[in-house]
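One structure below.
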Amino acid sequence: MSGCGVRRRPIQPDDLDRYRFVQDPQISPDGTLVAYAVETPEGEEKRYRSRIYVVPFAGGEPRQITRDDEHAVAPRWSPDGSRLAFRSKRGDDPQQVFVVAVAGGEAMQATNLPGGVSDFAWAPDGEGFALAGPGAVAPAAPPTLRVTKLHYKGDGVGLLLGERTHLWLSEPGDTTTQLTDVDEDDGGMSFSPDGTMLAFTRTRPSEHGSAPFNDVWVLDIATGEQRNLTNGRGPSFRPTWSPDSSTLAFAHHTEPNDIWWGANYKIWTVRADGSNLQEATAGFPHLCARAVSGSPSRGISWPGAQWSADGQTLYFVATIGGQVQLHKVAASGGEVQALTSGRHCVAGFVVSGDKIVYAQTSPSELAELWALDLAGDGTPRKLTDVNGELFSVATPSPVENFTFTSFDGLEIEGWLVPPAGFDPNDGKQYPLVLHIHGGPHGAYGEAYYHSFQALSGAGYFVLYTNPRGSQGYGEEFAKLCIGDWGGGDYKDLLAAVDHIVARGHVDPARLGAWGGSYGGYMTSWIAGHTDRFAAIVSDVPVTNLYSFFGTSDIGHYFAPFELGGVMPWEDREKYAFHSPVTYAKDVVTPLLLTHRENDLRCPISQSEEFYVQLKALGKNVEFLRVADASHGIVPAARAHAERIHLDAALDWFGRYLG
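Take the sequence shown: its position 325, counting from 1, is numbered 725 in this note's numbering, and each next residue is one higher.
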C-alpha cells in the first residue's frame, strides 16, 4: 500500500482504536502450527474482543479458528494436536473452557465450573483438564459487611467476598473433582508429563504488614498429597516440569516482602520431592523477567522458564537496560547466553522442541510474533503482521536512545521522541513532555508507546527515562529509591530534562510532565518542588503515603517496604515528608489530576485529597474522574478509558504548552 504513493501520516490518538494485539502464542505438538489470540477494541465503548488464529510455523497465511462473535483467550493445544482449548465467556455465564477441532467446526463447552475458570491445563492423555477457579459465583457486595482479614479487597476485583480459587480436575462425563480447598488462592498449575502430579502456586496470606506471595507446591493426583517446595523463602511464579517429570523450574527470589520488582527474580529449579533447590542463573546480575512496560504488554503472559526437549536447557527472558531478550542456561546452572539481540523487547514466548515463538515489540512496532528454529541457522523470522495495514498509512516517529550523567555521576538511560516531521535544522523550539513510569521498579525501554507517539504527532518532544529505582540495571540500582521517594529519583528526572533542553531544540518555557501511579506520585511531587514546568498531568497518583497505607489494597505492606521498612505509627513525619500533599501550598504549575473511580491500588481519594487542598488554596487545578475503570483499567472497556485519559492530557498540554 505504501508503495502505491499513499502519503503516510503521524500516529493519531484514535489509532488506539485500530491496534491489534497478539497474545499467548502456542506451538502445536508436532511443531508445524502456531496458535495465538488477537485482541481488538470494538463497539461504541471499544471493549476488547479476542479471537484465536493459527499460522504455520514455517510462515504463511493465518487462519481464524473461533467465530467473530466469540471472545476467546488462552489457546492451548491438545496433546495430539487435533484440538484447541480456550477460555470463553458466553452471555452472562462465567468463563469456561471450550474445545474446537483445528480442522474446523463448532466449539463445544468442555467445563462447567460454577464460579468460572481462571486458568486451565490439558491432561497429558487429552481426556480432561486441570482447572483453577472458585467453586461458586462471587456474591454481590452486601449493604453491610463485617471485615476480619487484613487483605480484603483487590484492584480490578473489588471486595474479596467469593470463594478462594481452588484446583479442580475435569474429566470426561462431566465429572469435576475438587483437588484443593485451603483458604488461599491456588493457580498457575501444570501437569507433570507423566500425568501423575500437578505443580501449582499457592498465595501466602498478607498478615501483620507482610506481603502476600506465592509458594510452589506439588499435588499427587492419586493420593491428594500436597508438598510445599519453597516454604516461604520468597515469591515464586509459573512452575514448569522437566520432560522426565522429576524437576520443576520457576522464577523466584528470596526477599519475601519485595514482590514489586525491587529484587531480581532469577530462574531456580527444585526436584518434585522438594530436594536440590538451587538457582540455575547464579551469577547472572539481571532480572529474569520482563519489566519493561509498553502498549503491547496487554494479554501477553510472563512464562517463567521453559525446558528443552532433552531437559538439559532452560529458556527465559531477561530485562537488561531497556531491552528484554531471550536467554538460555543449562538446567544445572552455568553461563547464561542470549538468543536474541537488538533494539526491541521480547514480551512473551513458548518453546517446543527446537522451535521458539515469541512476541516482539520495538519503538516503531506493536508486538508481532517471531519464530526461531534452533535446529536451523538461528535467525529469527517474523511470523505475523497483524498491524501491517495500519502502519502502511501511519508512521511512528523515530525514537532516540541515549544515556546521560545525573547529578551525582550515576549513568541514566533515556529515550526521546521528536515531534512528527522534526527538522533539526529549522531553528525552531518545541514544547516537551516528560513522561514518568510507574512502579517505582518498572521500566521504560525499547517498546512501542501509543501515548508518546500521539504526543509526537501533536507536535511535542517526548522524553522518558529510567531513573534510579527502575529495573534492568541491577538490584542495587533498582533499590536506590527505597526510603528516598522524591529524592534522587526526582533529581534524575530534572537532570534528564536539563540534558535535552541543552541541545537547543526544546523551549524551556514550555515543559510538561505526565505520569501514572508512581509516575503520578512523581508528577505531583514535581508540582510542589519546582516551577520549571508549564503544565502537569498526574494520573492515578499516590499523594499521601500515610492514608495510602490504610486505603490501598497493597498499602499496608507496599508503603512500609518502599519507605525503608518504617510503619506509619513509627515515623509519621517520614510519611508526611515524602507525600506530595504536604507541599500543596507550594504548587504553582497548572495541574490536572486524572483518576479512575474503581481504583483500589491508588484509591481515588489520593487525588481527592490533593485536589481539595489545591482548590482551597486557590491553585489552578482540575480533576477528571473516569467511571468503570480500575487502576489497571479493567474491565474490558480499556481502550475507551485509555482514550479518555489521553484526550484529557492532550487538551491540558494544548492549553498551557501551545
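For each residue, glycine too, the CB sits at the ideal point set by N, CA and C.
Quick check: residue i and residue j, are their CB atoms within less than 8 Å of each other?
i: A705; j: I667; result: yes
i: D581; j: N512; result: no
i: E655; j: A649; result: no
i: T994; j: H1040; result: no
i: T784; j: V422; result: yes
i: A847; j: Q412; result: no
i: I882; j: E962; result: yes
i: L484; j: R490; result: no
i: A651; j: S636; result: yes
i: W568; j: L545; result: no
i: T466; j: V517; result: no
i: V502; j: F529; result: no
i: G845; j: C745; result: yes
i: N944; j: V981; result: yes
i: D898; j: R868; result: no
i: F804; j: A913; result: no
i: T934; j: Y1056; result: Note that residue 934 is Ala in the sequence shown here, rather than Thr. Yes, the Cβ-Cβ distance between A934 and Y1056 is below 8 Å.
i: V817; j: S797; result: yes
i: R409; j: A858; result: no
i: T647; j: V670; result: yes
i: S592; j: H551; result: no
In the DSSP assignment, find the unbroken beta strand (DSSP E) run with residue i in it and report its ends.
i: K755; result: K755 to S762
i: E563; result: Taken as a continuous stretch (DSSP letters only), E563 belongs to no beta strand (DSSP E), as it is neither H nor E.
i: A718; result: T713 to I720
i: Q723; result: Q723 to A730
i: A532; result: F529 to G533
i: A485; result: R483 to S488
i: W969; result: Segment: none, W969 is in no beta strand (DSSP E) and carries neither H nor E.
i: Y844; result: Unbroken run through Y844: none, as it is neither H nor E.
i: N631; result: Neither: N631 is in no beta strand (DSSP E) and is coded neither H nor E.
i: L863; result: F861 to N866
i: P639; result: S636 to W641
i: V522; result: Just to set this straight, residue 522 is Trp in the shown sequence, not Val. First-last of the beta strand (DSSP E) with W522: D519 to W522.
i: G516; result: Looking at the DSSP string, G516 is not in any beta strand (DSSP E), and its letter there is neither H nor E.
i: V750; result: C745 to S752
Of the residues the options, which one's Cα is nearest the Cα of residue i?
i: L894; options: L832, M508 and E875; result: L832
i: S693; options: G609, H608 and S851; result: S851
i: G533; options: T930, G562 and W885; result: G562
i: D556; options: R407, A458, I954 and A672; result: Sequence inspection shows Gly at residue 556; the Asp mentioned does not correspond to that position. For the residues R407, A458, I954 and A672, the minimum Cα distance to G556 belongs to I954.
i: A771; options: P763, Q509, A759 and P798; result: A759
i: G1092; options: F949, P462 and K728; result: The structure shown has nothing for residue 1092, since the chain only spans 401 to 1058.
i: G683; options: Y665, V670 and R690; result: Y665
i: D777; options: A767, K755, P763 and V786; result: K755
i: G459; options: R564, G842, A1049 and K782; result: K782
i: K446; options: D414, G431 and E470; result: D414
i: F1053; options: G1032, R1038 and E1022; result: E1022
i: D583; options: F591, T576 and R604; result: R604
i: R1038; options: E439, A902, S979 and V1012; result: E439
i: P685; options: A878, P960 and W885; result: A878
i: A510; options: R487, P456 and N801; result: R487
i: D492; options: V537, E461, A775 and V454; result: V537
Taking 7 Å as the cut-off, is the beta-carbon of residue i closer than that to any non-hydrogen atom of the ligand MN?
i: L783; result: Questions concerning the ligand MN fall outside what the structure shown contains, since it holds no ligand whatsoever.
Can you name the start and end residues of the alpha helix (DSSP H) that residue i belongs to?
i: R972; result: R972 to F977
i: F852; result: H850 to G857
i: A510; result: That residue, A510, is in no alpha helix (DSSP H); it is neither H nor E in DSSP.
i: A503; result: No alpha helix (DSSP H) holds A503; DSSP gives it neither H nor E.
i: A878; result: E875 to A878
Segments assigned beta strand (DSSP E), at least 3 residues, entirely inside the segment 981-1058: Runs of the beta strand (DSSP E) inside the segment 981-1058: 991-996 and 1021-1026.
What residue ranges within the segment 890-958 form continuous beta strand (DSSP E) runs of no fewer than 3 residues, ordered along the chain? 906-916 and 935-939
Taking contact to mean 3 or more Cβ pairs, one atom from each stretch, closer than 8 Å, check whether the segment 861-872 and the segment 893-913 are in contact. yes
Is the segment 937-957 touching the segment 915-922, taking contact as three or more C-beta pairs under 8 Å? yes
For the segment 584-598 against the segment 617-624, are there 3 or more C-beta pairs whose distance is under 8 Å? yes
Would you call the segment 706-714 in contact with the segment 744-753, where contact means no fewer than 3 C-beta pairs closer than 8 Å? yes
List, from N- to C-terminal side, the alpha helix (DSSP H) runs of 4 residues or more that fit wholly inside the segment 449-474. Fully enclosed alpha helix (DSSP H) runs of 4 or longer: not present.
If you scan the segment 543-619 from start to end, which runs of the beta strand (DSSP E) of 3 or more residues do you find wholly inside it? 566-571, 575-578, 586-591 and 597-603
Any chance the segment 423-435 sits against the segment 463-479, with 3 or more Cβ pairs inside 8 Å? Yes, the segment 423-435 touches the segment 463-479.
Could you name each continuous beta strand (DSSP E) segment of 3 residues or more that falls completely within the segment 401-449, going from the start of the chain to the end? 421-427 and 433-442
If contact is defined by three or more beta carbon pairs under 8 Å, each pair taking one atom from either stretch, is the segment 924-937 in contact with the segment 977-993? Between the segment 977-993 and the segment 924-937, the count of C-beta pairs closer than 8 Å reaches three or more; the two stretches touch.
At 4 residues or longer, what runs of the alpha helix (DSSP H) sit wholly inside the segment 758-835? 788-791
Is the segment 610-619 in contact with the segment 630-647, if contact means three or more CB pairs nearer than 8 Å? yes
Any chance the segment 714-725 sits against the segment 868-876, with 3 or more Cβ pairs inside 8 Å? yes
Start-end ranges of the beta strand (DSSP E) lying completely within the segment 647-695, minimum 3 residues: 647-652 and 666-671
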